[in-house]
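Okay, structure first, notes after.
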Amino acid sequence: MLLPWFKGQHVRETDSRARAWAGSTFAALAVRDFRYLWLGNFASQIGVWIQMIAQGWLAYDLTGSATFLGAVAVARAVPSLILTLPSGVLADRLDRRWMILSSQTLSMVNAAALAWLVGTGTIAPWHLLAGSFLTGASHSLNMPARQALGPQLAGARHLANAVALNSISFNTSRVLGPSIAGVLVGVLGLSSCFVVQAVGQAWAIAWTLAIRSSGRASSQPQRGSIWTNLVDGIRYMAGSRAITGLMIVAAVPILLGMVYIQLMPVFARDVLGIGPSGLAMLMSAVGVGSMAGAFLAAALSNHDRKGRILVASSVAFGVGIALFAVSPTLQAALVALALVGAAQAIALMMNQTLLNLITPNEYRGRMMSVYMMTWNIEPAVFLPAGWLTDTIGAPPVALLSGTLVVITVLVIATRLREIHEVRPATASAAVGHRDSPAPALAVRDSGRGADHELLS
17 MLLPWFKGQH VRETDSRARA WAGSTFAALA VRDFRYLWLG NFASQIGVWI
67 QMIAQGWLAY DLTGSATFLG AVAVARAVPS LILTLPSGVL ADRLDRRWMI
117 LSSQTLSMVN AAALAWLVGT GTIAPWHLLA GSFLTGASHS LNMPARQALG
167 PQLAGARHLA NAVALNSISF NTSRVLGPSI AGVLVGVLGL SSCFVVQAVG
217 QAWAIAWTLA IRSSGRASSQ PQRGSIWTNL VDGIRYMAGS RAITGLMIVA
267 AVPILLGMVY IQLMPVFARD VLGIGPSGLA MLMSAVGVGS MAGAFLAAAL
317 SNHDRKGRIL VASSVAFGVG IALFAVSPTL QAALVALALV GAAQAIALMM
367 NQTLLNLITP NEYRGRMMSV YMMTWNIEPA VFLPAGWLTD TIGAPPVALL
417 SGTLVVITVL VIATRLREIH EVRPATASAA VGHRDSPAPA LAVRDSGRGA
467 DHELLS
């Protein structure tokens with residue numbers, strides 16, 4: 017029902033309209049095609065969170081094994097490890113819109129199949145493994161293309177705001193998705209969650225089809241093989257201390273801290289005794305904090321010391337996980353998880369903003385694929401964490417996770433002092449087109465093809 021309304025507006029991409037939105041948290045939504053991309057992504061993400069709640073509960077309920085929860089995560093990671101980097105190359109060679117459409121179609125079919133299996137009572141553990149595998153495949157196709165297309169559509173002037181809006185979309189869906197899942201499970205049963213996910217993906221497809229702008233990174237086609245383009249992109253990024261440093265800072269909390277998501281069903285059932293509706297509350301608490309953090313990060317988008325904010329929020333992320341581990345009550349757990357969500361949202365937005373500002377548009381798909389690989393290493397700890405949880409329990413594992421995040425981030429921040437340095441400049445060339453130069457962060461680097469120094 018929103019689609020006809022927005023189509024009817026026929027918003028013109030003019031400076032006067034952009035100025036009318038200037039200073040607003042939603043300024044980038046003045047750009048028609050970015051708005052359509054954002055709305056489609058919002059619908060898709062709500063469905064993904066609904067499916068995640070249902071699938072996690074179903075996996076643990078069918079097997080009673082935290083190790084199997086880790087196996088489901090590993091099944092999702094396998095196609096991500098294989099496809100993410102080639103997908104980044106394709107996002108710099110092909111029309112990014114059609115890559116997004118392909119991934120949304122795969123997600124829709126996957127969710128519909130799981131809905132039928134659950135609804136008919138024929139679901140088995142291996143079905144969940146297969147579904148997770150397909151989820152990982154669709155995610156690998158989607159993320160590099162979508163993360164590269166957003167700044168391209170929004171333009172240089174709205175780049176930081178576009179990143180903030182993507183974070184707000186993600187975190188709002190994190191609040192709404194689990195809440196909706198809790199109601200659906202209680203009223204209609206688990207199969208309804210997968211049905212809603214399929215419908216959400218269909219809705220996302222409609223929005224993506226409405227985008228008029230070309231999704232190609234450049235009017236000049238990429239020459240050479242996919243492998244040659246991939247190596248060229250990796251060499252460019254490796255030659256920039258700025259990009260390399262930001263990737264390291266992004267990877268550490270993901271590798272050491274994100275295990276708390278895997279432990280949620282265990283905390284809900286065995287530690288706090290609150291059932292599937294309580295699991296939805298825990299996930300929603302993370303989402304509420306993340307949404308607040310995303311709005312705060314948007315307000316800080318012009319701050320000169322983004323690197324220091326990145327470090328501080330990464331430390332707060334680890335502290336929040338440790339507090340969650342020792343929470344004696346549901347109320348305390350919800351507060352701790354809200355802190356986790358807020359800190360994570362701020363850190364992610366600062367990191368993504370800096371990466372997008374310094375990466376040229378023709379490399380952005382490959383840059384985002386490498387960035388997504390930092391997320392793909394996350395399940396590497398899931399199986400050992402699942403085994404350790406079965407052995408000593410969820411709270412000690414979560415406490416260890418949060419403590420390691422804090423210590424490791426502080427060590428990195430101490431050894432990479434360049435993170436705290438910043439010098440204002442412009443970076444319109446990195447965005448690719450549409451607007452005049454926007455404030456960015458110039459950096460110096462002796463690496464190949466890079467005039468960058470590690471950003472703050």
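Taking the numbering used here, the leading residue of the sequence shown gets 17, the next gets one more, and so forth. We put the CB at the ideal spot given by N, CA and C, even for glycine.
Query	Result
Ala170 versus Gly261 - alpha carbon distance	26 Å
Cβ neighbours of Gly86 in the same chain (closer than 6 Å, five flanking residues each side left out)	Phe398, Leu399 and Gly402
N-terminal and C-terminal residue of the alpha helix (DSSP H) that Asp49 is part of	Arg48 to Thr79
Close Cβ partners of Val268 (< 8 Å) along its chain, the five nearest in sequence each way excluded	Ser330, Val421, Thr424, Val425 and Ile428
Span separating the alpha-carbon of Phe333 from that of Leu279	16 Å
Contact under 8 Å by Cβ, Ala93 with Gly152	yes
Three CB pairs or more closer than 8 Å across the region 384 to 393 and the region 335 to 355	no
4 or more residues per run - each alpha helix (DSSP H) lying fully within the region 77 to 144	82 to 109 and 112 to 135
For Val268, the first and last residue of its enclosing alpha helix (DSSP H)	Arg257 to Gly273
Contacts around Arg228, its chain only, beta-carbon distance under 7 Å, and the 5 residues preceding and following it disregarded	Asp49
Cutoff 6 Å; reference Ala354; Cβ partners in own chain excluding five residues on either side	Ala301, Val304 and Gly305
Check whether Leu246 and Leu101 have beta carbons under 8 Å apart	yes
Assumed close pair Ala43, His174 - CB separation to whole angstroms, cut-off 8 Å	6 Å
C-alpha distance - Ser195 paired with Gly166, whole-angstrom precision	27 Å
Segment contact flag, the region 51 to 65 with the region 181 to 190, C-beta cutoff 8 Å, min 3 pairs	yes
contact_flag[the region 123 to 132, the region 204 to 213] where n(CB pairs < 8 Å) is 3 or more	yes
Pick from Arg113, Ala82 and Ala349 that is closest to Gly381, judged by C-alpha positions	Arg113
His319 in three-state terms, based on DSSP	coil
Ranges of the alpha helix (DSSP H) found wholly within the region 152 to 235, counting only runs of at least 4	175 to 203 and 206 to 225
Beta-carbon proximity check, Ala91 vs Leu157, cutoff 8 Å	no
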